[in-house]
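K.L.:
Line by line, the protein sequences give chains U and C. Heads up, the working numbering is the position in the first sequence plus 837, with the first residue counted as 1. Heads up, the working numbering is the position in the second sequence plus 87, with the first residue counted as 1. We treat Cβ as the ideally placed atom computed from N, Cα and C, and that holds for glycine. Mind having a look at this structure? Questions to follow.
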Amino acid sequence: MTDLLKLSGVHTHISRYHILQGIDLAVPQGQVTMLLGRNGAGKTTTLRTIMGLWQASSGEITLSGERIERLATPDIARLGVGYVPESMAVFSDLTVKDNLVLAARDAAMDDRQLEWIFGFFPALRRFWLSRAGSLSGGQKQMLSIARAIIEPRKLLLIDEPTKGLAPAIVMALIECLKEIKRKGATILLVEQNFFAARELGDSVLVMDNGTIVHRGEMAALAADVPLQERLLGLSLEAHQ
Amino acid sequence: MTDLAASDPLPKPKRDLAPILLPIALALIMIPLVGSPSTWLTLTAASLAMGMMIFIMASGLTLVFGLMDVLNFGHGAFIAVGAYVATLVFAPFAASVQADSLWVNLAVLAPAALLSMAVSGALGLVVERVLILPVYGQHLKQILMTTGGLIVAEQTLYALWGPQIIPMPLPASLRGSFILGDVAIAKYRVLAMLIGLAVFIAIQLVLNRTKLGLLIRAGVENREMVEALGYRIRRLFLGVFMTGSALAGLGGVMWALYREQVHASMSDELTVLIFVVVIIGGLGSIGGCFIGALLVAMVANYGGFLVPKLALVSNILLMVAVLMWRPRGLYAVTSR
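Structure representation (structure tokens):
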């Protein structure tokens, strides 16, 4: 399995704080790689550094073998990286349609892809011309994910998509992400929800204090409660 | 907890009409206070014309702040430069400006306005690249840099044109008034209203009906996410900055014709005015800027007529009142 994304010795400083302290990780092509860790471990900073939203102060980031750590965020996005931030960041003043029109960038929206998205997220069809700001939290998350997948992407960076959502919505999201995975997408997913992590993850990386402290198979970590407690402070089940 | 069900109706978006009704209510309240209907109509027309000119000058500033998070204290320089450039066109064609034909007048006025916009827009390009680019995200430095830029621009204008006030007479066909019964409305004010309205409609069409407008609105709300979708927002910044500067140049020409004079310190008096408008309207909001400009002009005109001494502080009092009602302005767009 080739690695689509690789980080080698990546350090990130945010003002005087040294957040990422030498991250080494690889995200294999076509797999879902879970990024777990306590709050403040550096998971979101890792995604933002990959996306170029925070500049790595040193180290290498490669996407399909191409160095990207000095590229600007739009150039990274144009290489095929989709980003779903923790805050969802839908454009609330714009309609659902306009959010997706912008996400499709230069191309017109692919009708088949749109129908596929509507299959998972029927609410988006219904509220097509409604302001995104008037959607519920779950619907905004759907829109945020739809925005990332409206165009084919090489890599999806998704930050805690289930956070704060009702169980029924979490289930729908998991089904959607599973379907995206079945289509061969490569995903680096930050997630605190044990069920989601176990259902979706192929491999897992655990972070603590800005470094990767564990890497392995998701299934192995899911089965090893003592290891979970050692790495995460409590078992994944208790994380739900 | 949130709900995904497609069958659930969305809450109907509330239409926030209160700010729109504010200038209408203010105008109606003034009818008995002013007393004479003809005086009221004259004052109202003057307010609308003045408001439109202020809107043209301020619209660029609000977009620049909303999209770029840039506090441009030098915006007034584009206004003054626009006005001075127009004098360069007016001077050699003084005879055409004073000709009785509307078309001959417009043949000078239109190129003068276009040249002013082009020069102010080009100056905007230089200012953005030289002064703003190094200080993105640093408000204090932006204030220092742009205030310094304003001083340099003013002193350059003094050096080139001298400290004297330069007369800029209205073209002959725009002098005088339309008489409706016992109401006189200056022709130039009608033109100013029409141009201001056209600019407002054009900006609204671009913002609401084009992909460029979508990008600007999205960028005002969340620049980072627009970049994460693959758009090079810096280019958009530059385009908006140049457009805002060009509009300021147009506003400068119109203001100079309204006052029939140009002087280098006009940027100082107008900078305060347009900042009041932008703050009242809500940073980044074109609709709010439009209403804010109308309110400022109405308070100046009605206030100047009813309580002349109050005119000196009327704008500040208006700003305090609006911010006590809506601390983020009439239509808050950004959370900054």
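Which runs of the beta strand (DSSP E) fall wholly inside the stretch 103-175 of chain C and span at least 3 residues, in chain order?
P.N.:
Listed in chain order, nothing qualifies, since the stretch 103-175 of chain C has no complete beta strand (DSSP E) run of 3 or more residues.
K.L.:
Using the rule of at least 16 other Cβ atoms within 10 Å of the residue's Cβ for burial, across every protein chain shown, is T358/C buried or exposed?
P.N.:
Its Cβ being crowded by 16 or more others within 10 Å, T358/C is buried.
K.L.:
For G889/U versus T910/U, is the C-beta distance shorter than 9 angstroms?
P.N.:
Result yes, Cβ atoms of G889/U and T910/U sit closer than 9 angstroms.
K.L.:
Would you say F1078/U faces chain C, with C-beta separation under 9 angstroms as the test?
P.N.:
Because chain U in this structure spans residues 838 to 1077, residue 1078/U falls outside the shown range and cannot be described.
K.L.:
Let me check understanding here. Comparing Cα to Cα, which of L884/U, C1013/U and Q868/U lies closest to H848/U?
P.N.:
Closest option to H848/U, Cα to Cα, is L884/U.
K.L.:
Is DSSP giving D912/U helix, strand or coil here?
P.N.:
Helix at D912/U.
K.L.:
On the DSSP bridge list, what partners appear for H855/U?
P.N.:
BP columns for H855/U point to H850/U.
K.L.:
Can you tell me which of the three DSSP states D948/U falls into?
P.N.:
Of the three classes helix, strand and coil, the one that applies to D948/U here is helix, per DSSP.
K.L.:
Please list, in chain order, the chain U residues whose beta carbon lies closer than 7 angstroms to that of K274/C.
P.N.:
In chain order: nothing, as chain U lies at least about 39 angstroms away.
K.L.:
Exposed or buried, what is T149/C when buried is set at 16 or more other beta-carbons lying within 10 Å of its beta-carbon?
P.N.:
Burial call: buried.
K.L.:
Quick check on the burial criterion: 16 or more other C-beta atoms within 10 angstroms. Buried or exposed for R990/U?
P.N.:
Buried, since its Cβ has 16 or more Cβ neighbours within 10 Å.
K.L.:
For G975/U, report the span of its alpha helix (DSSP H) as first-last.
P.N.:
From DSSP, the alpha helix (DSSP H) with G975/U extends over G974 to I986.
K.L.:
Report the three-state DSSP secondary structure of V363/C (helix, strand or coil).
P.N.:
DSSP places V363/C in helix when its eight states are reduced to three.
K.L.:
Short of 7 angstroms Cβ to Cβ, which residues in the stretch 309-321 of chain C face chain U?
P.N.:
Taking 7 angstroms as the Cβ-Cβ cut-off against chain U, the residues of the stretch 309-321 of chain C that qualify are N309, E311, M312, E314, A315, L316, G317, Y318 and R319.
K.L.:
Going along chain C, which residues have a C-beta under 7 angstroms from M946/U?
P.N.:
Simply none; closest approach about 12 angstroms.
K.L.:
Looking only at C-alpha atoms, which of V386/C, V365/C, L382/C and M385/C sits nearest to C376/C?
P.N.:
That would be V365/C, whose Cα lies nearest to the Cα of C376/C.
K.L.:
Specify whether the stretch 196-211 of chain C and the stretch 173-180 of chain C touch according to this definition: at least 3 beta carbon pairs, one from each stretch, less than 8 angstroms apart.
P.N.:
As far as the Cβ criterion goes, the stretch 196-211 of chain C touches the stretch 173-180 of chain C, which means the pair count is three or higher.
K.L.:
For L872/U, which option in I1006/U, P998/U and K977/U has the closest C-alpha, if you only look at C-alpha atoms?
P.N.:
Here the closest residue by C-alpha is P998/U.
K.L.:
Residues in the stretch 273-306 of chain C with C-beta within 8 angstroms of chain U's C-beta atoms, listed in sequence order?
P.N.:
So the list reads K298, L301, L302, R304 and A305, given in the order they occur along the chain.
K.L.:
With a 10 Å radius around its C-beta and 16 neighbouring C-beta atoms as the bar for buried, classify S332/C as buried or exposed.
P.N.:
Looking at its Cβ environment, which holds 16 or more other Cβ atoms inside 10 Å, S332/C is buried.
K.L.:
Hey, is E988/U close to the ligand GDP, as in C-beta under 8 angstroms from one of its heavy atoms?
P.N.:
Of the ligands one can find in the structure shown there are none, so the ligand GDP has no counterpart to examine.
K.L.:
CA-CA distance, R1052/U and M1044/U?
P.N.:
So the alpha carbons of these two residues sit roughly 9 angstroms apart.
K.L.:
For a minimum of 3 consecutive residues, which ranges assigned as the beta strand (DSSP E) are wholly contained in the stretch 229-294 of chain C?
P.N.:
Correct list: 264-267 and 270-273.
K.L.:
Quick check on DSSP: helix, strand or coil for L405/C?
P.N.:
In the structure shown, L405/C sits in a helix (DSSP, three-state: H, G or I).
K.L.:
Rounded to whole angstroms, how far is the Cβ of F294/C from the Cβ of I373/C, which I believe are closer than 8 angstroms?
P.N.:
It should be noted that the sequence gives Leu, not Phe, for residue 294/C. 7 angstroms between Cβ atoms; contact.
K.L.:
Which residue marks the beginning of the alpha helix (DSSP H) containing G331/C, and which one marks its end?
P.N.:
Start and end: I320 to R346.
K.L.:
Counting along the chain, where does the beta strand (DSSP E) carrying V213/C start and finish?
P.N.:
No beta strand (DSSP E) contains V213/C, which is instead part of the alpha helix (DSSP H) from L189 to V214.
K.L.:
What's the C-alpha gap between M181/C and P256/C?
P.N.:
Checking the displayed sequence, the identity of residue 181/C turns out to be Ala instead of Met. About 9 angstroms.
K.L.:
Is it a yes or a no for the stretch 976-992 of chain U touching the stretch 1017-1024 of chain U, going by three-plus beta-carbon pairs under 8 angstroms?
P.N.:
With a cut-off of 8 angstroms, the stretch 1017-1024 of chain U and the stretch 976-992 of chain U count as touching, because enough Cβ pairs lie within range.
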